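A.B. asks: Starting off with a structure, shown below.
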Amino acid sequence: MEITSDFLDKHNVSGPRYTSYPPANFFNANFKTEDYIEQLKLSNKQLPENISIYVHIPFCPQRCHFCGCTTEIGQKRPVVERYIDAIKTEIRNVSALLDVKNRKVTQIHWGGGTPNAIAMRFIEDIMNLIKERFILDENAEVAIECSPAHLEYDHIDQLAAMGFNRMSLGIQDFRQDVLDVVNRQAPKLPVKDLVDYLKKKGFSGNNLDFIYGLPLQTVESLTETIKKAIDIRPDRIVTFSYAHVPWVKEEQLKLEKIGLPQPKDKMDMLINNIKLLQDAGYVAIGIDHFALPEDKMAQAFLNKKLHRNFQGYCTLETTGQVYAFGASSISQLWGAYAQNIKNTFLYMDAIEKTGFAIERGFTLDVKQQVVRSVINSIMCNGVLKFTEIAEEFKMTVADIKAIVNYDKSKLIDFEKDNIISINEDGVVISEIGHMIARNIAMAFDPDLKQGEAIYSKTV
Ligand code: SF4
């Protein structure tokens, strides 16, 4: 079945992204540092036993007008130094509460901001501390998000020596006119050469990120950009939809003044991206992630062994409970989510005063843990087997169905449109159904009514 604008239009409704369940709008300030400490200790006995580490670097040399991230612009060395010290304090305090002898680190992810906008010695400083406090699995994935505007071969050499083995490059668009209007610097070196060099240095699973829906972009201009990306042949290509939320990020008003593509054009861009990438042999994982068939992510997807956290998709082998460090970062433990203070300076103050910087969070009860497993199974692997979830939670299938308010009538339309097939033990999502996995997951979310209007569109 071919993806069409009618199909996407029909399923373009407001809904959570399900990077977490419950979604981040459920987090609240009643969750305090004491709760986090309790959950850290409990996490030692919970699954998955692997440890994932997230490090947030909230610094960028200049602000892209489309930016939706937590970042500070143009901060000088003393601020960066102070921030690195704060992260190191946080790592020491959290690791002291964890069973670091029996639990290995299988995933490290550096995000931001622009992690490669700070001096390499700062990155090395933190990596050395992580290696001192934790045991890294020999197959650990160690990834970093980089802006190619500040990336040189020597940086890749240094990152490789520190143990990094995967890189995500934020390209957004290859066209200079688009980059100019969104206030983003072009790559310093040819992206093809960077990707080739990364491969040579042993990096794998590398991805190029793009955004569609920016001013000046048209289906034709984006075709040019995506074709260029395909020629470079990275392991993964991600095409994010630009989220226009000027009431949250005022800077985005600048893009509104220039003129944003119409929703219909944006939809055409999406369909065109999917077609181009699938025709070029990339496997579509959901609506916006594409991976070469031999890539680990595509393999995990095809073998139904994919998982997902705030850092994106990961394989079940690398999945761990996520311990996050730095301003605004979110820890994802079996029993709770805990988010640090968003403002960089308040984060540093809190760490310096108390050693922790929790701003809000959410403790999951068993029912919410069940719903999370159901939704993860649908979102990542396109299948739901009630018996498997029942086994995981030592409950009956009837219990699981009651918890997710299972109601076959909510799924009939999906079945009629060949988006899913319903069987005795659950549902299987078709190839085209993966594109709207969020919509299907919504049918299993008993708490959805509480916040529907605030979510972005699913397509
Ligand atoms: S580089 Fe990324 S984090 Fe920094 S301003 Fe641009 S979009 Fe935001």
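In this note's numbering, each residue's number is its place in the sequence shown (first place is 1) plus 1357.
Every residue, glycine too, gets a C-beta built ideally from N, C-alpha and C.
Just so we're clear, the structure is a prediction, and the values are computed from it rather than from any experiment.
1. Can you tell me which of Lys-1773, Leu-1493, Asp-1652 and Pro-1472 puts its alpha carbon nearest to the alpha carbon of Lys-1458?
2. Quick test of the definition: if touching needs 3 or more C-beta pairs under 8 Å, does the segment 1718-1732 touch the segment 1366-1381?
3. Return yes when the Cβ of Gly-1739 is within less than 7 Å of the Cβ of His-1791, no when it is not.
4. Taking its Cβ as the centre, do 16 or more other Cβ atoms sit within 10 Å of Pro-1415, making it buried, or is it exposed?
5. For Leu-1526, which residues does DSSP report across the bridge?
6. Taking 7 Å as the limit between beta carbons, can you name the residues of its chain near Tyr-1440, skipping five residues before and five after?
7. Express the C-alpha separation of Gly-1527 and Asn-1369 in angstroms, rounding to a whole number.
8. Give the DSSP-derived three-state secondary structure of Gln-1533 in the structure shown.
9. So, is Lys-1623 buried or exposed, given that buried needs 16 or more other C-beta atoms within 10 angstroms?
10. Thinking just about the alpha-carbon of each residue, which of Ser-1452, Ala-1497 and Gln-1668 is nearest to the one in Met-1519?
11. Go to Leu-1365, then tell me how far its beta strand (DSSP E) extends in each direction, as first and last residue.
12. Tell me whether Cys-1426, by its Cβ, gets closer than 6 Å to a heavy atom of the ligand SF4.
13. Taking buried to mean at least 16 other C-beta atoms within 10 Å of its own C-beta, is Arg-1795 buried or exposed?
14. Could you work out which residue in Ser-1734, Asn-1780 and Glu-1749 is closest to Phe-1801 when comparing CA atoms only?
15. Give me the Cα-Cα distance between Asn-1473 and His-1507, rounded to the nearest whole angstrom.
16. Consult DSSP for Gln-1678 and reduce its assignment to one of helix, strand or coil.
17. Determine the closest residue to Pro-1620 out of Gln-1635, Asp-1722 and Ser-1598, with distance taken between C-alpha atoms.
18. The alpha helix (DSSP H) with Val-1728 in it runs from where to where?
19. When you measure from the CB of Gly-1470 to every non-hydrogen atom of the ligand SF4, does any distance come out below 6 Å?
20. Could you pull out every residue in the same chain whose Cβ sits closer than 7 Å to the Cβ of Arg-1590, ignoring the five residues on either side in sequence?
21. Could you tell me which residues DSSP puts in a beta bridge with Val-1412?
22. Taking the straight line between their C-alpha atoms, what separation do you get for Gly-1363 and Cys-1737?
23. Over what stretch of residues does the beta strand (DSSP E) that includes Glu-1716 continue unbroken?
24. Let me know if Lys-1653 comes out buried or exposed under the rule of 16 or more other beta-carbons within 10 Å of its beta-carbon.
25. Are Ile-1760 and Phe-1743 close, meaning C-beta to C-beta below 7 Å?
26. Shorter than 6 Å, the distance from the beta carbon of Cys-1901 to the closest heavy atom of the ligand SF4, or not?
27. Once DSSP output is grouped into helix, strand and coil, what is the label at Thr-1596?
28. So, is Arg-1835 buried or exposed, given that buried needs 16 or more other C-beta atoms within 10 angstroms?
29. Sort out for me which residues DSSP pairs Lys-1461 with in a bridge.
30. For Ala-1386 and Met-1799, I'd like the C-alpha separation in whole angstroms.
31. When DSSP labels each residue in this structure, what does Tyr-1639 get in the three-state scheme?
32. Based on the DSSP output, what are the partners of His-1664 in its beta bridges?
33. Taking 6 Å as the cut-off, is the beta-carbon of Cys-1421 closer than that to any non-hydrogen atom of the ligand SF4?
34. Let me check you understand the geometry: is the CB of Cys-1417 closer than 6 Å to at least one non-hydrogen atom of the ligand SF4?
C.D. replies: Result, derived from the coordinates:
1. Translated into the one-based positions of the sequence shown, residue 1458 becomes position 101. Comparing Cα positions, the closest option is Leu-1493.
2. The segment 1718-1732 vs the segment 1366-1381: in contact.
3. Position 434 of the sequence shown, counting from 1, holds the residue named residue 1791. Position 382 of the sequence shown, counting from 1, holds the residue named residue 1739. Yes, the Cβ-Cβ distance between His-1791 and Gly-1739 is below 7 Å.
4. Translated into the one-based positions of the sequence shown, residue 1415 becomes position 58. It counts as buried.
5. Taking the sequence shown and counting its residues from 1, one reaches residue 1526 at position 169. As computed with DSSP, Leu-1526 is found in a beta bridge with Cys-1503 and Leu-1565.
6. As a working note, residue 1440 is residue 83 in the sequence shown. So the list reads Thr-1701 and Met-1705, once near-sequence residues are dropped.
7. Position 12 of the sequence shown, counted from the start, is the residue given in the question as residue 1369. Position 170 of the sequence shown, counted from the start, is the residue given in the question as residue 1527. Taking the straight line from one Cα to the other gives about 26 Å.
8. Along the sequence shown, one-based indexing puts residue 1533 at 176. It is helical.
9. Counting from 1 along the sequence shown, the entry for residue 1623 is found at position 266. By the 16-neighbour rule on beta-carbons within 10 angstroms, Lys-1623 is buried.
10. In the sequence shown, the residue the question calls residue 1519 occupies position 162. Answer by Cα proximity: Ala-1497.
11. Along the sequence shown, read from residue 1 onward, the residue named residue 1365 stands at position 8. Note, Leu-1365: premise wrong, no beta strand (DSSP E); alpha helix (DSSP H) at 1362-1367.
12. Taking the sequence shown and counting its residues from 1, the one referred to as residue 1426 is at position 69. Yes; taking the cut-off as 6 Å, the Cβ of Cys-1426 has a heavy atom of the ligand SF4 nearer than that.
13. Looking up residue 1795 in the sequence shown gives position 438. With 16 or more other Cβ atoms within 10 Å, it is buried.
14. Position 444 of the sequence shown, counted from the first residue, corresponds to residue 1801. Phe-1801 has its Cα closest to that of Ser-1734, out of Ser-1734, Asn-1780 and Glu-1749.
15. One-based indexing of the sequence shown puts residue 1473 at position 116. One-based indexing of the sequence shown puts residue 1507 at position 150. It is roughly 7 Å from the alpha-carbon of Asn-1473 to the alpha-carbon of His-1507.
16. Within the sequence shown, the letter at position 321 stands for residue 1678. Residue state for Gln-1678 is assigned as strand, using DSSP reduced to three classes.
17. The count along the sequence shown starts at 1 and reaches residue 1620 at position 263. Check the Cα spacing between Pro-1620 and each of Gln-1635, Asp-1722 and Ser-1598: the tightest is with Ser-1598.
18. Locating residue 1728 in the sequence shown gives position 371, where the first residue counts as 1. Following the DSSP letters along the chain, one finds Val-1728 inside the alpha helix (DSSP H) bounded by residues 1723-1738.
19. Sequence index remark: in the sequence shown, residue 1470 carries index 113 (1-based). At a threshold of 6 Å, Gly-1470 counts as near the ligand SF4, since its beta carbon sits closer than that to one of the ligand's heavy atoms.
20. Numbered from 1 along the sequence shown, position 233 holds the residue referred to as residue 1590. Excluding positions up to five away in sequence, the list is empty.
21. Counted from its first residue, the sequence shown places residue 1412 at position 55. In DSSP, Val-1412 forms a bridge with Trp-1467 and Phe-1682.
22. Locating residue 1363 in the sequence shown gives position 6, where the first residue counts as 1. Locating residue 1737 in the sequence shown gives position 380, where the first residue counts as 1. Checking the displayed sequence, the identity of residue 1363 turns out to be Asp instead of Gly. For the pair Asp-1363 and Cys-1737, the Cα-to-Cα distance works out to about 24 Å.
23. If you number the sequence shown from 1, residue 1716 lands on position 359. First-last of the beta strand (DSSP E) with Glu-1716: 1715-1720.
24. Translated into positions along the sequence shown, residue 1653 becomes position 296. It counts as buried.
25. Here the question's residue 1760 lines up with position 403 in the sequence shown. Here the question's residue 1743 lines up with position 386 in the sequence shown. If you check the CB distance, Ile-1760 and Phe-1743 do not come in under 7 Å.
26. What is shown of the chain runs 1358 to 1816, which leaves residue 1901 out entirely.
27. Within the sequence shown, residue 1596 is the residue found at index 239, counting from 1. In the three-state reduction of the DSSP assignment, Thr-1596 falls in the strand class.
28. Given that the chain is displayed from residue 1358 to residue 1816, the structure contains no residue 1835 and the question cannot be resolved.
29. As a position in the sequence shown, residue 1461 is number 104, starting the count at 1. Here Lys-1461 is bridged, per DSSP, to Ile-1492.
30. Position 29 of the sequence shown, counted from the first residue, corresponds to residue 1386. Position 442 of the sequence shown, counted from the first residue, corresponds to residue 1799. Their Cα atoms are separated by approximately 26 Å.
31. As a working mapping, residue 1639 is identified with position 282 in the sequence shown. Tyr-1639: coil per DSSP, three-state reduction.
32. For this step, residue 1664 is matched to residue 307 along the sequence shown. Beta-bridge pairing links His-1664 to Cys-1671.
33. Mapped onto the sequence shown, residue 1421 falls at position 64. With a threshold of 6 Å, the Cβ atom of Cys-1421 counts as near the ligand SF4, since some heavy atom of the ligand is closer than that.
34. Within the sequence shown, residue 1417 is the residue found at index 60, counting from 1. For the ligand SF4, at least one heavy atom lies less than 6 Å from the Cβ of Cys-1417.
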